[in-house]
Amino acid sequence: MDSIPLVLVHGWKSHPGIWRRLIERVNIPTEKIWLFDYSDLHESTISQIAHQLKSFLHEKRKVTGYTGPVDIICHSMGGYVTRYYVEVIDGGKREENVRQLIEIGVPNQGSSMAEIFNDPKYGPHVIQILSGEFVPKKYEPEKDVNVQGLRIKSRETFQIRKAGIRPDIRYRNILSANRTGDPAFFPSFEGRTWVLGHDETWRKTWLGDGVIPHYDSYLPGTEFDLIPCNPETMLDEPYQYCHILLPKNSEVIRLVIRYVENPTIPSSEKFPEHH
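The opening residue of the sequence shown carries number 6 in our numbering; numbering runs sequentially from there.
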């Protein structure tokens, strides 16, 4: 069977290089791996980046003459941008032909981390802890249009929720959790993940990847896999399962390849229809 193009969309303050291991292992010709790079668009809004993704895909289709479906693999903010494109911008027309949207640690409900950066009480402390590791030194969230768009209470999150998922796309989520409660999983937060609950209070949970809690990734009625499948896998290098390293994680790569090669097989679990 002829393989369909694989579109790879990296995350916040990242770059297409994070997909190198996946590209080496997936059995797809190089010309069918389409790398979307928005690493220089950190002063663009979510909507602007989503329009760039649209132009990128239209151009790729024009150059290759390909009109069939694509699989989109996305990490973190890359998934949020992709959903903004296919659901908000293209939701009515459905011009973009997407077979599967495979999301790795994506804040489908908006990001608790983006929200806490802007929290007057917790924000400065969290930014200080992550400075130089996950956020730039002297980071000012109010000037970061990417992060403002990713917030739970942002206009963009409201638009994505209102648009809803597309029935013509198969959605899959890959989520990581600290299943052994090891602080080395994400040392900055003692192995846990900040989450903003329904009651507007801040908590730390083991059910997250250090940056994105499962609560943020929840997408009603869609499929997901929870990794590590076997908690003992974490014992040697728990850090390999944290948010930043997920695109390079061998278990993530195995799952992605499995779904790209066998798009009809179900993921291991399904989100309930209601939060």
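Ideal Cβ positions, reconstructed from N, Cα and C, are used throughout, including at glycine. Owing to the predicted nature of the structure, the values given are computational and were not obtained by experimental measurement.
Residue i to residue j span [Cα, whole Å]
i      : j      : result
ASP173 : VAL103 : 8 angstroms
ALA55  : THR227 : 22 angstroms
ALA119 : LEU250 : 19 angstroms
PHE276 : PHE229 : 7 angstroms
GLY186 : SER255 : 21 angstroms
GLY196 : GLU100 : 42 angstroms
PRO188 : ALA168 : 38 angstroms
PRO141 : ILE132 : 9 angstroms
ASN235 : PRO34  : 32 angstroms
ASP76  : ILE258 : 14 angstroms
VAL200 : GLY128 : 13 angstroms
Nearest-angstrom Cβ-Cβ length linking residue i and residue j, presumed shorter than 8 angstroms
i      : j      : result
ASN178 : LEU224 : 6 angstroms
PRO233 : TYR246 : 6 angstroms
HIS80  : HIS15  : 6 angstroms
GLY215 : PHE190 : 7 angstroms
SER193 : GLU138 : 7 angstroms
GLY115 : ARG156 : 6 angstroms
Simplified DSSP assignment, three categories, for residue i
i      : result
PRO74  : coil
ASP230 : strand
LYS158 : coil
GLN114 : coil
PRO218 : strand
ILE249 : helix
HIS80  : strand
ILE33  : coil
TRP211 : coil
SER193 : helix
THR87  : helix
PHE41  : strand
Residue i vs residue j beta-carbon contact at 8 angstroms
i      : j      : result
SER117 : PRO268 : no
LEU212 : GLU274 : no
TRP207 : ILE121 : yes
GLU92  : ARG171 : yes
VAL31  : ILE262 : yes
TYR71  : PRO10  : yes
SER222 : ASN151 : no
ASN123 : GLU147 : yes
Cβ contact check for the region 36-43 and the region 94-109: 3 or more pairs under 8 angstroms: no
Segment contact, 8 angstroms Cβ cut-off, at least three pairs: the region 144-161 with the region 23-35: no
Meets three-Cβ-pair contact criterion under 8 angstroms: the region 52-70 and the region 78-94: yes
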